[in-house]
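Single-structure report; data block below.
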Amino acid sequence: MLLSELVDLIKKGNSNFINSNIFEDLNIEDAASLDEADNNQISFLEENNILKEKLNQTKASAIITSDNNEIINTLEKLMISNIIVKNPRIAFAEVLNCLYKKINFKPGIHPSAVIDKTAIIGSDCYVGPNVYIGENTLIGSNNYILQGSSILGNVQIGDNNIIHPNCVIYENTILKNFCVINSNTVIGSEGFGFIPKDGKWVKMPQKGGVKIMSFVEIGTNCCVDRPAVGLTFIDEGTKLDNLVQIGHGVRIGKNCAFAAQVGIAGGAKIGDGVILAGQVGVNNRVKVGNNVVASSKCGIHTDIEEGRVISGFPAMNNKSWLRSSSIFKKLPELAKKLRQLDKK
Amino acid sequence: MLLSELVDLIKKGNSNFINSNIFEDLNIEDAASLDEADNNQISFLEENNILKEKLNQTKASAIITSDNNEIINTLEKLMISNIIVKNPRIAFAEVLNCLYKKINFKPGIHPSAVIDKTAIIGSDCYVGPNVYIGENTLIGSNNYILQGSSILGNVQIGDNNIIHPNCVIYENTILKNFCVINSNTVIGSEGFGFIPKDGKWVKMPQKGGVKIMSFVEIGTNCCVDRPAVGLTFIDEGTKLDNLVQIGHGVRIGKNCAFAAQVGIAGGAKIGDGVILAGQVGVNNRVKVGNNVVASSKCGIHTDIEEGRVISGFPAMNNKSWLRSSSIFKKLPELAKKLRQLDKK
Amino acid sequence: MLLSELVDLIKKGNSNFINSNIFEDLNIEDAASLDEADNNQISFLEENNILKEKLNQTKASAIITSDNNEIINTLEKLMISNIIVKNPRIAFAEVLNCLYKKINFKPGIHPSAVIDKTAIIGSDCYVGPNVYIGENTLIGSNNYILQGSSILGNVQIGDNNIIHPNCVIYENTILKNFCVINSNTVIGSEGFGFIPKDGKWVKMPQKGGVKIMSFVEIGTNCCVDRPAVGLTFIDEGTKLDNLVQIGHGVRIGKNCAFAAQVGIAGGAKIGDGVILAGQVGVNNRVKVGNNVVASSKCGIHTDIEEGRVISGFPAMNNKSWLRSSSIFKKLPELAKKLRQLDKK
Chain X
1211 MLLSELVDLI
1221 KKGNSNFINS
1231 NIFEDLNIED
1241 AASLDEADNN
1251 QISFLEENNI
1261 LKEKLNQTKA
1271 SAIITSDNNE
1281 IINTLEKLMI
1291 SNIIVKNPRI
1301 AFAEVLNCLY
1311 KKINFKPGIH
1321 PSAVIDKTAI
1331 IGSDCYVGPN
1341 VYIGENTLIG
1351 SNNYILQGSS
1361 ILGNVQIGDN
1371 NIIHPNCVIY
1381 ENTILKNFCV
1391 INSNTVIGSE
1401 GFGFIPKDGK
1411 WVKMPQKGGV
1421 KIMSFVEIGT
1431 NCCVDRPAVG
1441 LTFIDEGTKL
1451 DNLVQIGHGV
1461 RIGKNCAFAA
1471 QVGIAGGAKI
1481 GDGVILAGQV
1491 GVNNRVKVGN
1501 NVVASSKCGI
1511 HTDIEEGRVI
1521 SGFPAMNNKS
1531 WLRSSSIFKK
1541 LPELAKKLRQ
1551 LDKK
Chain L
1211 MLLSELVDLI
1221 KKGNSNFINS
1231 NIFEDLNIED
1241 AASLDEADNN
1251 QISFLEENNI
1261 LKEKLNQTKA
1271 SAIITSDNNE
1281 IINTLEKLMI
1291 SNIIVKNPRI
1301 AFAEVLNCLY
1311 KKINFKPGIH
1321 PSAVIDKTAI
1331 IGSDCYVGPN
1341 VYIGENTLIG
1351 SNNYILQGSS
1361 ILGNVQIGDN
1371 NIIHPNCVIY
1381 ENTILKNFCV
1391 INSNTVIGSE
1401 GFGFIPKDGK
1411 WVKMPQKGGV
1421 KIMSFVEIGT
1431 NCCVDRPAVG
1441 LTFIDEGTKL
1451 DNLVQIGHGV
1461 RIGKNCAFAA
1471 QVGIAGGAKI
1481 GDGVILAGQV
1491 GVNNRVKVGN
1501 NVVASSKCGI
1511 HTDIEEGRVI
1521 SGFPAMNNKS
1531 WLRSSSIFKK
1541 LPELAKKLRQ
1551 LDKK
Chain F
1211 MLLSELVDLI
1221 KKGNSNFINS
1231 NIFEDLNIED
1241 AASLDEADNN
1251 QISFLEENNI
1261 LKEKLNQTKA
1271 SAIITSDNNE
1281 IINTLEKLMI
1291 SNIIVKNPRI
1301 AFAEVLNCLY
1311 KKINFKPGIH
1321 PSAVIDKTAI
1331 IGSDCYVGPN
1341 VYIGENTLIG
1351 SNNYILQGSS
1361 ILGNVQIGDN
1371 NIIHPNCVIY
1381 ENTILKNFCV
1391 INSNTVIGSE
1401 GFGFIPKDGK
1411 WVKMPQKGGV
1421 KIMSFVEIGT
1431 NCCVDRPAVG
1441 LTFIDEGTKL
1451 DNLVQIGHGV
1461 RIGKNCAFAA
1471 QVGIAGGAKI
1481 GDGVILAGQV
1491 GVNNRVKVGN
1501 NVVASSKCGI
1511 HTDIEEGRVI
1521 SGFPAMNNKS
1531 WLRSSSIFKK
1541 LPELAKKLRQ
1551 LDKK
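Protein chains in written order, with our numbering: chain X, 1211 to 1554; chain L, 1211 to 1554; chain F, 1211 to 1554.
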C-alpha cells in the first residue's frame, strides 16, 4: 500500500493526525519495530522511547511519531518520511490492521462439528472442525468458533465474537458481543466450593452461571469459574491476559486489564479501570476500588480504596513499598548497628 | 418443589436438622444468596456472616440458618420461613443438588469417538464426540468422558468418574472412583527432568505413572506430571482448584485442598488435610506435615511440621509473619530513628 | 535385559564409564528409585544423595553410582552389583531409554484429521485423530502430531518434533527440529497489547510470529504469545516446565530452564543458560544476563547482570536475601529493642 494511502487512513482514524512529510511515496510492504524495520517498512516512535537514540540507524522508510521537535528535526535530516500524530501507537495499530488480513475463515459449518438439533446458530458464523455445541444453546451472527472448541448446553452467545481453538464454555454462560476468547480457555467451569465436615470435603454444587459483557477479551489457558448460585460477572471492555484465574462469584468492572497469571479468589469485587500486573493475587471477597493499580506479584488481602497504587504483600502504597524494600536489603547492617548501640 | 418437601430432604441429610418454622408452604423455584434471593427462593445464613445485618432487606421466602437466637427472632418477626440446622452450608448444598438436574448426558459412545479395539469400556458410560481412547486402556462403569478428551494407552479408570472436555490422561495413569477432572487438565504428562551436562540439558526419560485415589477432584487447566520411575500419587478426597501444578513424583495425602495457581515441585511430600491457599509454592522434595495451613503466596522451601499455620516467603508462623509484615511497612521510620540514635 | 548388556550400553553412552562389578548377571526387568527398587531392578545413587544412609535396606539388584569409596565398599559388602560412572544420572537416563519403549504411534494420517489441501506433510509423520492443519502449513518428516492438536495456516515445522494432544500452534510460527510441545500448550497466540485511550483499551493488532529453535521442550498448559511486529524467539536447547507464560516479543537464549508457573512479560530478553525456579516473574523489557539463576518466586523488575544468583522481590543477591529474610523474622524484636534504646 502506498505511504500516501496510509496517511489518508491515519487522517480518518483516532490517533489525532497533526502533520506529515512524505519524502518519497513508496509502497509500504510491512510494519516493524524501529530497530528491526527495513526499507519499505513503516515503524513508530513515541517521544519517551529509548529507541530515539538509535533513530539514525533505522532503515524504516516511514515513521509515525509524536509532535516532538527533536525527533521531527532528526527525521527531516535523515530524510525519513514522517507522520506526526498525537497518539502514534493508535496510528500504528490502524496501520497494522490495514496491512494484514484479518482471520480468514469463511462462514459455514464444518461437517465434523457436532451440533445439538435444538441449538440455534445465527447467520454468517464459522463453526470449525470438531466443534461441539450442546442443547438449547443460542449463538448470534458473525461468530467464529474455531476447531475443537466445546460449547455446552444453555449457553447464549451474542454477535461478532471469536472463540479460539479448544476452548470450553459451560452451561449457563452468557457472552455478549465483540468478545475474544483465546485458545484452551475455560469459561463457566464449576467453582472450587467445598465444605469441611468431619475431616473431609463436601461439595457445594455450583449451579450459577457466568456473564461476560461486550468487548471483553480473555487470554489463553484462563479459567473463569461459575458460582454455587448467582453469577460470575465481567463487565464491558475488560481484558485478561493468559493463565488468569477468575474464581466463582467474582465481579469485575469495566475496562480493567489483568496481566498474565493473575488470580482472583471467589467472591472478590473489582471496580472499573483496575490494572493488575503479572502474578497479582486477590483474596476471597476482597473489594478493590475503581482505577486501583497493583504492581506485579502484589497480594491484595484487604479492601483497597479507589485510585490507589499498591505493591507488595500484604499490599501497601507503592512508594512506601519501594522505600521499605530498599531498607529490607540493608536489614543485616541495621541489625548490626542496633547491636552496637545496645552494647554502649 | 414445596418448601415442606425440602425440609424433609434436609431432615434426612447430613446437616443435623434442629427445627423448622414454615409460615407458608410455598413452591421453592430456585436458590440464591441472601442479597440476591427473590420471592419463592431459598437462601442460607451462617451465624458469623456479615449479611446478617441485611436480613430485613432480603426477599427470600425461606432461609436455612444455624441455631442462633438473634437470627431466629429476626426471621420470626419478618415472617420468613426458617430451617434451623447445625451446618447450614451442608443443608444448602443438599437443596442445590435437589433443585438442579445433574449432568444430563445419556450413556452411549458417540460415533466420532476414536477407541482402540483393545480398550475395554464398562457399562453405562458416556463417551462424547471426538474422544480418543488408546490401546489396552480399561475404563469401568458409569463414567462420563466428555467431548475432545484424550485418554492414552495403558490407563486404568475405575467407576463413576467425570472427565470434562479436552482433558488429556497419559499412559500409566490409574484413576480410581468418583473423581472429577475438569476441562483442559492434563494428568500424567512427562515430568520436568533434565540433567545438566556440558552446558546443555540431557533428558531424563519419564517412565513412571500417576495414581489418583477415589473422591479426588482436580480443577481446570491443571498439570499432574509423571516421574522418571515410580509414581506421582494423590490420595483419597483431595481437591485441587484451577491452574495447579503437581510436579513429578509428588505425594499428596488425603483430604487436602489446594487453591488456584498452587505449584508443588517434584518429589515433595504433602501430608493429610493440608490446606494451601492461592499461589502457594512448595519446593522440590520438601515435606509438609499433616493439617498444615499455608496462606496465599506462601513459599515453602523447608520441611514443615504437622499442624502449623504458615505465611510468607520463606514460610514462617502466620502470627509472626503478620507482626513482621506490619513492621516492614514502618522500616523507613525505624531506619531513621536508628540513624538519629547513632548520631547522639 | 541382562545386566551385562546394560553395562555395555552404559560403556557406549555419555556418562563416562569407570568400572563395574557384576555379582550375578540377572535379567533387569525394571528401574526404580533406591527406596522403591525391588529384586531384578536397577537403581542409581549419587554420592551426595541422602538415600546413601539407606543403602543397606534396598532390594535393588544393581546400582549405578559415582566413584565414591564409601558407597562402593558398602555395595561390595552387600554384594549388590554396581556400575561406576562419572555421571550416574546420565547412565540411568540411558538405561530408562533402553528399558522402556518410546512413543508407539505408527506413521500415518488418521482419517478424522482435517488437513487443508495446500498443507504439505513430510514422510513418516503421525497425524492423529481430530488434528487440524491449516492452509500453506509446511510440516517436515518424522513428526508426531497427536490427537486434537490444531496447527493453523502458514506454520513451518521441521523434522522429528512431538506435538502432544490438544495443542494449538498459530499462524506465523516456525518450529525447528527435535522439539517437544506438551499437551494443551498454545504457541503463537496474540500478545496482550492494548493501548489506553479515553478510559478504554484499543487493541494493538498482533501480526508478528514465534520462532522456536531445535531441541526446545515446552511443558503442558503453557502460553507463548506472538508480538505486534517481529518475533517471540526461543533459542536452541531451552526447556520450559508447565504453566509457563512467555509474553509477546520475548527473546530467550540457548539452554535455559524455567520451572513451572514462571511468567516472562512482553519484550524481556533472557540470556543463555538462565535458570528460573518456580513462580519467578520477569517484568516487561527487562534484560537478564547469561547464566543468571533466580530462586523460586523471585521477581525480576530491573536488568540483571550475567552470572548472578538472585532471590526475592525486588530481586537481590541470594545470600543477602537469605540474611535479610532471617532478620525479617526478628523485626518485632528489633523494633522493640529500638524503642527501648530510644527511651534511654
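Yeah, the Cβ is synthetic: ideal placement off N, Cα and C, and Gly gets one too.
Bounding residues of the beta strand (DSSP E) (the contiguous stretch that carries residue i)
i               : result
residue 1538(X) : No beta strand (DSSP E) holds residue 1538(X); the alpha helix (DSSP H) holding it covers 1528–1538.
residue 1251(L) : 1251–1255
residue 1400(F) : 1396–1400
residue 1272(F) : 1272–1275
residue 1291(X) : 1291–1295
residue 1231(X) : 1227–1231
residue 1519(F) : 1519–1521
Integer-rounded CB distance, given that residue j should sit under 8 Å from residue i
i               : j               : result
residue 1375(X) : residue 1360(X) : That pair is no contact at about 11 Å.
residue 1231(X) : residue 1292(X) : 5 Å
residue 1303(F) : residue 1415(L) : 6 Å
residue 1245(L) : residue 1264(L) : 6 Å
residue 1491(F) : residue 1489(X) : 5 Å
residue 1557(X) : residue 1504(X) : Since the first and last residues shown for chain X are 1211 and 1554, residue 1557(X) lies out of range.
residue 1552(F) : residue 1551(L) : 6 Å
residue 1555(X) : residue 1236(X) : Because chain X in this structure spans residues 1211 to 1554, residue 1555(X) falls outside the shown range and cannot be described.
Range covered by the alpha helix (DSSP H) that runs through residue i
i               : result
residue 1279(X) : 1279–1287
residue 1214(F) : 1213–1222
residue 1435(L) : No alpha helix (DSSP H) contains residue 1435(L), which is instead part of the beta strand (DSSP E) from 1433–1436.
residue 1263(L) : Run containing residue 1263(L): none; DSSP gives neither H nor E here.
residue 1305(X) : 1298–1309
residue 1542(L) : 1541–1553
Reference residue i, options the options, closest by Cα
i               : options                            : result
residue 1465(X) : 1406(F), 1386(F), 1331(F)          : 1406(F)
residue 1332(L) : 1258(L), 1412(L), 1353(L), 1521(L) : 1353(L)
residue 1476(X) : 1439(X), 1346(X), 1335(X)          : 1439(X)
residue 1212(L) : 1225(L), 1222(L), 1239(L), 1223(L) : 1239(L)
residue 1347(X) : 1276(X), 1338(X), 1364(X), 1448(X) : 1364(X)
residue 1370(F) : 1389(F), 1358(F), 1356(F)          : 1389(F)
residue 1535(L) : 1530(F), 1543(F), 1528(F), 1529(F) : 1543(F)
residue 1351(F) : 1345(F), 1340(F), 1319(F), 1473(F) : 1319(F)
residue 1268(X) : 1277(X), 1258(X), 1257(X), 1249(X) : 1249(X)
residue 1242(F) : 1482(F), 1305(F), 1295(F), 1397(F) : 1305(F)
residue 1522(L) : 1513(F), 1554(F), 1506(F)          : 1506(F)
residue 1441(L) : 1533(L), 1468(L), 1447(L), 1421(L) : 1421(L)
Classification of residue i by the beta-carbon crowding that lies within 10 angstroms, buried from 16 upward
i               : result
residue 1368(L) : buried
residue 1381(L) : buried
residue 1228(L) : exposed
residue 1330(X) : exposed
residue 1524(L) : buried
residue 1340(L) : buried
residue 1437(L) : buried
residue 1280(L) : exposed
residue 1409(X) : exposed
residue 1258(F) : exposed
residue 1549(F) : exposed
residue 1556(F) : Not covered by the structure: residue 1556(F). The range shown for chain F is 1211 to 1554.
Bridge partners - residue i, DSSP secondary structure assignment
i               : result
residue 1461(L) : 1443(L), 1479(L)
residue 1383(X) : 1420(X)
residue 1407(X) : 1410(X)
residue 1210(L) : What is shown of chain L runs 1211 to 1554, which leaves residue 1210(L) out entirely.
Residue i CB to nearest heavy atom of the ligand NAP below 7 Å
i               : result
residue 1424(L) : Ligands are entirely absent from the displayed structure, and the ligand NAP is therefore not among its contents.
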